[in-house]
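**Q** Quick one: the structure is below, and I'll ask about it shortly.
Number of protein chains: 2
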Amino acid sequence: MTILTKNIPTAEIIRQAHESIEPFIHRTPIMTNRSINDISGARIYFKCENFQKVGAFKFRGATNAVLSLSDEEKQRGVATHSSGNHAQGLALAARIQGIDAYIVMPENAPTVKRKAVEEYGAKVIPCAPTLKSRKDTLQKVIEQTGAVTIHPFDDYRIIAGQATAAKELIEDEGNFDIIMAPVGGGGLLSGTALSCLYWSPKTKVIAGEPSGADDAYRSMKAGTIVPCANPATIADGLLTTLSVKTFGIIKNHVSEIITVTDEEIVHAMRTIWERMKIIIEPSCAVPFAALLKRKEIFAGRKTGIILTGGNVDLGKLPFR
Amino acid sequence: MTILTKNIPTAEIIRQAHESIEPFIHRTPIMTNRSINDISGARIYFKCENFQKVGAFKFRGATNAVLSLSDEEKQRGVATHSSGNHAQGLALAARIQGIDAYIVMPENAPTVKRKAVEEYGAKVIPCAPTLKSRKDTLQKVIEQTGAVTIHPFDDYRIIAGQATAAKELIEDEGNFDIIMAPVGGGGLLSGTALSCLYWSPKTKVIAGEPSGADDAYRSMKAGTIVPCANPATIADGLLTTLSVKTFGIIKNHVSEIITVTDEEIVHAMRTIWERMKIIIEPSCAVPFAALLKRKEIFAGRKTGIILTGGNVDLGKLPFR
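Protein sequences, first through last, are from chains X and P. Under the numbering used here, the first residue of the first sequence is numbered 1, with each subsequent residue one higher. Under the numbering used here, the first residue of the second sequence is numbered 1001, with each subsequent residue one higher.
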């Protein structure tokens, strides 16, 4: 057993993570919808993390990471670079625990995202919109403040926190034939795979991925991480590449990755908005888009889909 | 006691209506949201009829009306003129009971509304976009088919059905200081007032109304029905004028009507979309807009708001 494997969260670690974050998170509702089932041919249970605090599942992992800090670390605060839901999740998780949060964010990030993070009481540090500038700026922040970096997914505390969404889904609705999640950096997908492995081992885990950022699809084929050179997709939460920790879990415990085009993502997103009357962001629509593309896999199957988030800029919607 | 009063649904009639429609409707969830409470200063419980079948509370009244028909009437089918949620509600209620539905709809009604009604199996009969043409066309349809007209609100079976939304809210969450609904023709508002009267008599009933269609506000002041000459508002479900039956209840059992501008409606709608991640239509945002306008009335009060519907054309949203 390698060190890597030794550190993968056990059932007990995930159970503890769940227990410790439960007072702070919403146990989000699970929705079903007859017309969605009619359209898809599957029996779908949507775990509505778009109703989670900060509007995304990321609050689970961030809360678990913050709660895992030592008292000395809490004094120093937390930091990350992100313009997405991890930033909001970490900002709110930190505020609730009364610790400082520093979020490095590209200066061209949507104002709505920046404002949301500031509303949660975090300090936003702007940087140039390059990965190098993000990393350099974060490094400077850490040197100046002593804050602890919380990576959005390459961190077993984060993975254990994200695993609790699928854990709740299984607890509330019993075993599934299939559970789906989108894949970007793989924090949610790897956590989902672990919860299925521990509490519903016959459940297949299938991911949806944008074809414009299909590193997970290609990494699974190659058996090693294959980053995308120029990822581009409307699903802006899924631009990131798998990490060693997430791929280590995904390669062993995820059955299949289905890629979908932006057009298919927007169609799936619109279908959920229209039929279910709930707001989901493009990244969140990816598993349902994958299901609609490959209906034969899901026909008649009890399928769980983790709806990951609902943070959209209402002034810039992709509908006509 | 006048004949009018004698016909107002009693507690027992509403209880029976609820019992008879319960197998067909969703018992919709009630949502709370901390940031909405922070913004408003009130303690708000949203009764989510946007998650009702057909995406609106109208399915309750329509189902009750259809179930109230005699066998002979069911043979003949039902008819109405409507381009809104009543049309969809009646269409689906009729289909579920296996009876025919004829919906007269102006030829300029949004395609999405027409298609929805047709999807529910009703026959759509187009007419010119005038009230006269709607009435004349409906009359012709009735002559040709023998169908029974189901008015969208001037009908005690409809009012009793709509009353069940507030009844569920009170059953699920106990007594309220205030319960709010929007007012158009007044079917929901009068039903809400009756349910409060019977099951939570200390609850004040307050309505929101678009200032561009403020017949209820002016009728309450005048003590008699004062129609709007040229109603115009983004809240297109609330363009109609109170009827004898609805005003008869509203004038005695509604405390106040607060009017709001289209700008206030869009702001309230956007706030609910952004904070709660649920889709509501402009008409549905009117009570929350009224609450935000007159916060002092609601400060610290346990307030129920019936979210009436979520049917919007995603290609034509009022957000920038």
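Glycine is no exception: its CB is placed at the ideal position from the N, C-alpha and C atoms. These numbers come from a predicted model, not from an experiment.
1) Looking at the structure shown, is threonine 149 of chain X part of a helix, part of a strand, or coil, going by DSSP?
2) Tell me whether lysine 167 of chain X sits in a helix, a strand or coil according to DSSP, three-state version.
3) Note down, in chain order, each residue of its chain lying with its Cβ closer than 7 Å to the Cβ of serine 1040 of chain P, except the 5 sequence neighbours on either side.
4) Is any beta-carbon of chain P found at less than 8 Å from that of leucine 169 of chain X?
5) Relative to the C-alpha of aspartate 236 of chain X, which residue among X:Ile142, X:Ile280, X:Met276, X:Ile225 is closest?
6) Taking DSSP as the reference, what is the three-state secondary structure of isoleucine 986 of chain P?
7) Checking contacts by CB at 8 Å: is isoleucine 1278 of chain P closer than that to chain X?
8) Could you give the distance in angstroms between the alpha-carbon of proline 1318 of chain P and the alpha-carbon of phenylalanine 46 of chain X?
9) Mind checking the region 1014-1031 of chain P against chain X and listing, in chain order, the residues whose C-beta falls within less than 9 Å of any C-beta there?
10) With DSSP as the reference, label threonine 1002 of chain P as helix, strand or coil.
11) According to DSSP, is valine 1104 of chain P helix, strand or coil?
12) Can you give me the start and stop residues for the beta strand (DSSP E) that threonine 259 of chain X sits inside?
13) Please tell me whether arginine 1320 of chain P has its Cβ less than 8 Å away from any Cβ of chain X.
14) Look at serine 200 of chain X and isoleucine 250 of chain X and say whether their C-beta atoms are less than 8 Å apart.
15) Can a CB atom of chain X be found closer than 8 Å to the CB of arginine 1270 of chain P?
16) What is the rounded straight-line gap between the Cα of threonine 192 of chain X and the Cα of tyrosine 1120 of chain P?
17) Using the three-state DSSP reduction, which class does aspartate 313 of chain X fall into: helix, strand or coil?
18) Whole angstroms is fine: what's the gap from serine 1070 of chain P's alpha carbon to arginine 1015 of chain P's?
19) I'd like the ranges of any beta strand (DSSP E) spanning at least 3 consecutive residues and lying wholly in the region 13-96 of chain X.
20) Any C-beta of chain P within less than 9 Å: which residues of the region 88-106 of chain X qualify?
21) Near arginine 95 of chain X, which residues of its chain fall below 8 Å by C-beta distance, leaving aside the five closest residues on each side in sequence?
22) Give every residue of the same chain whose Cβ lies closer than 6 Å to the Cβ of isoleucine 158 of chain X, excluding the five residues on either side of it in the sequence, and list them in chain order.
23) Helix, strand or coil, according to DSSP, for proline 1182 of chain P in the structure here?
24) With 16 other CB atoms within 10 Å as the buried threshold, where does glutamate 268 of chain X fall?
25) Are alanine 79 of chain X and threonine 145 of chain X close, meaning C-beta to C-beta below 8 Å?
26) What residues in the region 1274-1307 of chain P bring their beta carbon closer than 9 Å to a beta carbon of chain X?
27) Using the rule of at least 16 other Cβ atoms within 10 Å of the residue's Cβ for burial, across every protein chain shown, is valine 1183 of chain P buried or exposed?
28) Would phenylalanine 1051 of chain P pass as an interface residue toward chain X - the criterion being a Cβ-Cβ separation below 8 Å?
29) Taking the alpha-carbon positions, what's the isoleucine 99 of chain X to aspartate 1155 of chain P distance?
30) If you drop the 5 nearest sequence neighbours on each side, which residues of the same chain put their C-beta closer than 6 Å to that of alanine 147 of chain X?
31) Does the Cβ of threonine 1145 of chain P lie closer than 7 Å to at least one heavy atom of the ligand NAD?
32) Alpha carbon to alpha carbon, how far is glycine 1055 of chain P from valine 1244 of chain P?
33) Output the distance between the C-alpha atoms of glycine 1084 of chain P and leucine 1090 of chain P, rounded to the nearest integer angstrom.
34) Just the C-alpha distance for isoleucine 1257 of chain P and phenylalanine 1288 of chain P, rounded to the nearest angstrom, thanks.
35) Per DSSP, what kind of secondary structure is valine 1124 of chain P in: helix, strand or coil?
36) If I measure Cβ to Cβ from leucine 92 of chain X and keep anything under 7 Å in the same chain, skipping five residues before and after, which residues do I get?
**A** Per the coordinate set shown:
1) Along the first sequence, read from residue 1 onward, the residue named residue 149 of chain X stands at position 149. In this structure, threonine 149 of chain X counts as strand in the three-state DSSP scheme.
2) To locate residue 167 of chain X, count along the first sequence from 1; it is residue 167. Three-state result, lysine 167 of chain X: helix.
3) For the purposes of this step, residue 1040 of chain P is identified with residue 40 of the second sequence, where counting begins at 1. Closer than 7 Å at Cβ, skipping near neighbours: Leu1291, Leu1292, Lys1295, Phe1298.
4) For the purposes of this step, residue 169 of chain X is taken as residue 169 along the first sequence, with counting starting at 1. Not one chain P Cβ lies under 8 Å of leucine 169 of chain X.
5) If you number the first sequence from 1, residue 236 of chain X lands on position 236. Comparing Cα positions, the closest option is X:Ile280.
6) Because chain P spans 1001 through 1320 in this model, residue 986 of chain P falls outside it and cannot be assessed.
7) The residue labelled residue 1278 of chain P in the question sits at position 278 within the second sequence. Yes, isoleucine 1278 of chain P counts as interfacial toward chain X.
8) Residue mapping note: residue 1318 of chain P aligns to position 318 of the second sequence, counting from 1. Residue mapping note: residue 46 of chain X aligns to position 46 of the first sequence, counting from 1. Pairing proline 1318 of chain P with phenylalanine 46 of chain X, the inter-Cα distance amounts to about 28 Å.
9) Pro1029, Met1031
10) To locate residue 1002 of chain P, count along the second sequence from 1; it is residue 2. Confidence is the limiting factor: at threonine 1002 of chain P the pLDDT is only 31, short of 50, which leaves the residue's position unreliable and the question unanswerable from this model.
11) Position 104 of the second sequence, counting from 1, holds the residue named residue 1104 of chain P. It is a strand residue.
12) Position 259 of the first sequence, counting from 1, holds the residue named residue 259 of chain X. 256-260 is the extent of the beta strand (DSSP E) around threonine 259 of chain X.
13) Along the second sequence, one-based indexing puts residue 1320 of chain P at 320. The beta carbon of arginine 1320 of chain P sits closer than 8 Å to some beta carbon of chain X.
14) Numbered from 1 along the first sequence, position 200 holds the residue referred to as residue 200 of chain X. Numbered from 1 along the first sequence, position 250 holds the residue referred to as residue 250 of chain X. Not in contact: serine 200 of chain X and isoleucine 250 of chain X (Cβ atoms no closer than 8 Å).
15) Position 270 of the second sequence, counted from the start, is the residue given in the question as residue 1270 of chain P. Closer than 8 Å to some Cβ of chain X, the Cβ of arginine 1270 of chain P qualifies, so yes.
16) Here residue 192 of chain X corresponds to residue number 192 of the first sequence, with the count starting at 1. Here residue 1120 of chain P corresponds to residue number 120 of the second sequence, with the count starting at 1. Those two C-alpha atoms are separated by around 37 Å.
17) For the purposes of this step, residue 313 of chain X is identified with residue 313 of the first sequence, where counting begins at 1. Here aspartate 313 of chain X sits in coil by DSSP.
18) To locate residue 1070 of chain P, count along the second sequence from 1; it is residue 70. To locate residue 1015 of chain P, count along the second sequence from 1; it is residue 15. Whole-angstrom Cα-Cα distance: 20 Å.
19) 43-48, 78-81
20) Within the region 88-106 of chain X, no residue places its CB atom closer than 9 Å to a CB of chain P.
21) Counting from 1 along the first sequence, the entry for residue 95 of chain X is found at position 95. Around arginine 95 of chain X: Ala101, Tyr120, Gly121, Ala122.
22) Here residue 158 of chain X refers to the residue found at position 158 when the first sequence is read from its first residue. These residues qualify, in order along the chain: Gly61, Ala65, Gly187.
23) Against the second sequence, residue 1182 of chain P aligns to sequence position 182. Of the three classes helix, strand and coil, the one that applies to proline 1182 of chain P here is strand, per DSSP.
24) Counting from 1 along the first sequence, the entry for residue 268 of chain X is found at position 268. It is alanine, not glutamate, that sits at residue 268 of chain X in the sequence shown. With 16 or more Cβ atoms within 10 Å of its Cβ, alanine 268 of chain X is classed as buried.
25) Counted from its first residue, the first sequence places residue 79 of chain X at position 79. Counted from its first residue, the first sequence places residue 145 of chain X at position 145. Yes.
26) Glu1274, Arg1275, Met1276, Lys1277, Ile1278, Ile1279, Ile1280
27) The residue you call residue 1183 of chain P lines up with position 183 of the second sequence. Classification of valine 1183 of chain P: buried, given that the 10 Å Cβ count is 16 or more.
28) For the purposes of this step, residue 1051 of chain P is taken as residue 51 along the second sequence, with counting starting at 1. Contact with chain X is found for phenylalanine 1051 of chain P, since one of that chain's Cβ atoms lies less than 8 Å from the residue's Cβ.
29) Taking the first sequence and counting its residues from 1, one reaches residue 99 of chain X at position 99. Taking the second sequence and counting its residues from 1, one reaches residue 1155 of chain P at position 155. Approximately 59 Å between the Cα atoms of the pair.
30) For the purposes of this step, residue 147 of chain X is taken as residue 147 along the first sequence, with counting starting at 1. Arg76, Gly77, Val78, Ala79, Tyr102, listed in sequence order.
31) Looking for the ligand NAD in the displayed structure turns up nothing, as the structure carries no ligands at all.
32) Position 55 of the second sequence, counted from the start, is the residue given in the question as residue 1055 of chain P. Position 244 of the second sequence, counted from the start, is the residue given in the question as residue 1244 of chain P. Glycine 1055 of chain P and valine 1244 of chain P have their C-alpha atoms spaced approximately 27 Å apart.
33) Numbered from 1 along the second sequence, position 84 holds the residue referred to as residue 1084 of chain P. Numbered from 1 along the second sequence, position 90 holds the residue referred to as residue 1090 of chain P. One Cα belongs to glycine 1084 of chain P, the other to leucine 1090 of chain P, and the distance between them is close to 10 Å.
34) Here residue 1257 of chain P is taken as the residue at index 257 of the second sequence, counted from 1. Here residue 1288 of chain P is taken as the residue at index 288 of the second sequence, counted from 1. If you take the alpha carbons of isoleucine 1257 of chain P and phenylalanine 1288 of chain P, they lie about 13 Å apart.
35) Along the second sequence, read from residue 1 onward, the residue named residue 1124 of chain P stands at position 124. Strand at valine 1124 of chain P.
36) Taking the first sequence and counting its residues from 1, the one referred to as residue 92 of chain X is at position 92. These residues qualify, in order along the chain: Lys53, Val54, Phe59, Tyr120.
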